[in-house]
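Visitor: If you count by the numbering used here, then the sequence shown holds residues 3 to 288, one letter each, in order.
Cβ coordinates follow ideal geometry from the N, Cα and C atoms, glycine included.
Got a structure here, written out as structure tokens. Questions coming.
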Amino acid sequence: MSTFRFDQVTVIGAGTMGRGIAQVCAATGSRVQLVDVDEARAAAGHDAIAASLGRAVDKGRVTAEARDTTLAAIATTGDMDAAVASADVLVEAALENMEIKRTLFAGFAKNAPEHCLLGTNTSSLPITEIARGCGAADRVIGLHFFNPVPVMKLVEIVHGKETSEAAVQAAQEFAQRLGKDPILVRDSPGFATSRLGVLLGLEAMRMLQEEVATAGDIDKAMELGYRHPMGPLKLTDLVGLDVRLAIAEHLHKELGTATFEPPQILRDMVAAGKLGRKSGEGFYSY
Ligand SMILES: NC(=O)c1ccc[n+]([C@@H]2O[C@H](COP(=O)([O-])OP(=O)(O)OC[C@H]3O[C@@H](n4cnc5c(N)ncnc54)[C@H](O)[C@@H]3O)[C@@H](O)[C@H]2O)c1
């Protein structure tokens with residue numbers, strides 16, 4: 003057992019991910035403070051959690067009592083410093099921007115208690131870089147949750163160069179307490195999930211480009227042959243072709259292997275505004 007505690011969790015950013023993380027922490031017995039740039043945005047996050055739990059109650063997946071207990075355990079605030087000062091664990095889920103995250107972590111290192119684990123939900127930024135010079139790099143760790151957080155079992159724990167063994171252990175305990183199944187990954191481009199997931203997507207696009215098979219049949223190959231719940235092209239439509247192009251460019255630059263070079267078909271489709279589900283057209287029409 004580590005000396006870290008998980009009673010009071012502060013989640014920074016009440017958007018898609020912050021809401022889900024707050025919900026899961028509260029549902030598993032922590033008190034949660036959900037922070038955003040102002041109280042109104044944090045409160046909107048609370049409203050969204052209430053609506054999502056309401057739907058879960060309607061479907062019989064959550065009892066009304068559990069919903070009420072979970073919602074009562076989540077406080078909202080725009081007062082970041084106070085919420086940070088009283089945290090046992092911080093989970094940062096603000097924007098995916100290095101400057102914003104570095105500024106936030108410098109503040110956490112200054113204001114959080116010394117026992118507090120400093121987690122970031124970044125999906126792509128290097129943990130070592132976020133932590134560099136903040137003054138508490140040994141406690142900074144990647145806690146990469148997946149959307150929708152209440153449903154997805156995985157937490158990718160990413161340890162930076164300076165992250166201590168105690169912090170790694172605490173992160174594992176924390177993830178397990180939330181009912182998640184964590185994996186441990188060294189801080190490297192794309193961590194484990196993006197590096198593998200994007201690679202499969204890019205290869206599927208190259209196969210489509212070479213007319214090896216139709217999009218539907220390429221997806222079916224993985225769905226029926228390998229039990230993937232969704233084929234790599236369908237998944238790319240869901241994530242957004244523009245998002246995947248940006249990740250592929252980043253991985254190509256960082257890892258230097260031709261496997262991550264974005265295929266022409268991806269560049270052409272993004273240039274034509276075919277971004278997947280969100281634009282109504284990608285490898286499929288919606
Ligand atoms: N959406 C996903 O599927 C997903 C999956 C895994 C990881 N992530 C990562 O999680 C993080 C959050 O993503 P999201 O999709 O929830 O974003 P989002 O845009 O839905 O929410 C971000 C929230 O952070 C708030 N915010 C911005 N700057 C802030 C600051 N300085 N202090 C406090 N709050 C601030 C915003 O007002 C907003 O409410 C990103 O780092 C992203 O890469 C996203």
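1) Alpha carbon to alpha carbon, how far is L97 from D60?
2) Can you grab the Cα-Cα spacing for the pair L268 / P115, in whole Å?
3) Quick one: is the Cβ of V157 within less than 7 angstroms of any heavy atom of ligand 1?
4) Look at the Cβ atom of Y286, then the Cβ atom of K236, and state whether they are nearer than 8 angstroms.
5) What separation, rounded to the nearest whole angstrom, lies between the Cα atoms of D244 and K112?
6) Could you check which residue in M154, A168, R246 and A194 has the C-alpha nearest to that of E205?
7) Quick check on the DSSP output: the beta strand (DSSP E) that includes F147 runs from which residue to which?
8) Quick one: what's got a C-beta closer than 7 angstroms to D140's C-beta in the same chain, skipping five residues either side?
9) Pull up the CB-CB distance for A173 and I159, whole angstroms please, since I reckon it's below 8 angstroms.
10) Report, in whole angstroms, the separation of the C-beta atoms of R21 and A50, which I expect to be a contact under 8 angstroms.
11) Give me whichever residues DSSP pairs with L92 in a beta bridge.
12) Is T78 close to ligand 1? I mean its beta-carbon at under 7 angstroms from any heavy atom of the ligand.
13) Can you have a look at K255 and say buried or exposed, based on whether 16 or more other CB atoms are within 10 angstroms of its CB?
14) Measure the alpha-carbon distance for E225 versus L240 and round it to whole angstroms.
15) Taking the alpha helix (DSSP H) that D254 falls in, what are its first and last residues?
16) Here's the rule: buried if 16 or more other CB atoms are within 10 angstroms of the residue's CB, otherwise exposed. What is M3?
17) Which one or two residues does DSSP pair with V187 in a beta bridge?
18) In whole angstroms, what separates the C-alpha of G15 from that of T65?
19) Would DSSP call M3 helix, strand or coil?
20) How about R246: is its Cβ closer than 7 angstroms to a heavy atom in ligand 1?
21) Are there 16 or more other CB atoms within 10 angstroms of the CB of T12, so buried, or fewer, so exposed?
22) Alpha carbon to alpha carbon, what distance is there between H161 and M232?
23) Quick check on DSSP: helix, strand or coil for L36?
24) Given that a residue counts as buried once 16 or more other Cβ atoms are within 10 Å of its Cβ, and exposed if not, what is G203?
25) Could you tell me whether the stretch 33–47 touches the stretch 138–152, where touching means 3 or more Cβ pairs closer than 8 angstroms?
26) Span of the alpha helix (DSSP H) holding T72?
27) In or out: M19 buried (at least 16 other Cβ within 10 Å) or exposed?
28) Per DSSP, what are the beta-bridge partners of G278 in this structure?
Guide: According to the data block:
1) Roughly 32 angstroms separates the two Cα atoms.
2) Their backbone Cα atoms lie some 46 angstroms apart in a straight line.
3) Every heavy atom of ligand 1 is 7 angstroms or more from the Cβ of V157, so no.
4) Y286 is a Cβ neighbour of K236, given a cutoff of 8 angstroms.
5) Each residue's alpha carbon lies about 37 angstroms from the other.
6) Answer by Cα proximity: R246.
7) Residues V142 to F147.
8) Listed in chain order, the non-local C-beta contacts of D140 below 7 angstroms within the same chain comprise E164, T165, S166 and A169, local neighbours out to five positions each way being set aside.
9) Here A173 really is in contact with I159; their C-beta atoms are around 5 angstroms apart, less than 8 angstroms.
10) Your pair R21 and A50 checks out as a contact, with CB atoms roughly 5 angstroms apart and the cut at 8 angstroms.
11) Per DSSP, T12 and L120.
12) Not so, every heavy atom of ligand 1 lies at least 7 angstroms from the Cβ.
13) Label assigned to K255: exposed.
14) Distance between the alpha carbons of E225 and L240 is about 16 angstroms.
15) Position check: residue 254 holds His in this sequence, whereas Asp was assumed. Its alpha helix (DSSP H) spans residues L243 to L257.
16) Caution is warranted here: a pLDDT of 45 is assigned to M3, below 50, making its placement in the model unreliable, and the coordinate value is therefore given only provisionally. Its Cβ having fewer than 16 others within 10 Å, M3 is exposed.
17) Its beta-bridge partners are V160.
18) Each residue's CA atom was taken as its position, placing G15 and T65 some 27 angstroms apart.
19) Only weak support is given to the placement of M3: the predicted model assigns it a pLDDT of 45, under 50, and the question is left unresolved by the model.
20) R246: no, Cβ never under 7 angstroms from ligand 1.
21) Taking a 10 Å sphere around the C-beta of T12, we find 16 or more other C-beta atoms and assign the residue as buried.
22) Each residue's Cα considered, the two are about 29 angstroms apart.
23) Three-state result, L36: strand.
24) In this structure G203 is buried. Its beta-carbon is surrounded by 16 or more other beta-carbon atoms within 10 angstroms.
25) Counting Cβ pairs under 8 angstroms, fewer than three are found: no touch.
26) According to the DSSP assignment, T72 belongs to the alpha helix (DSSP H) that extends over A66 to A74.
27) Answer is buried; the Cβ neighbour count reaches 16.
28) Per DSSP, E283.
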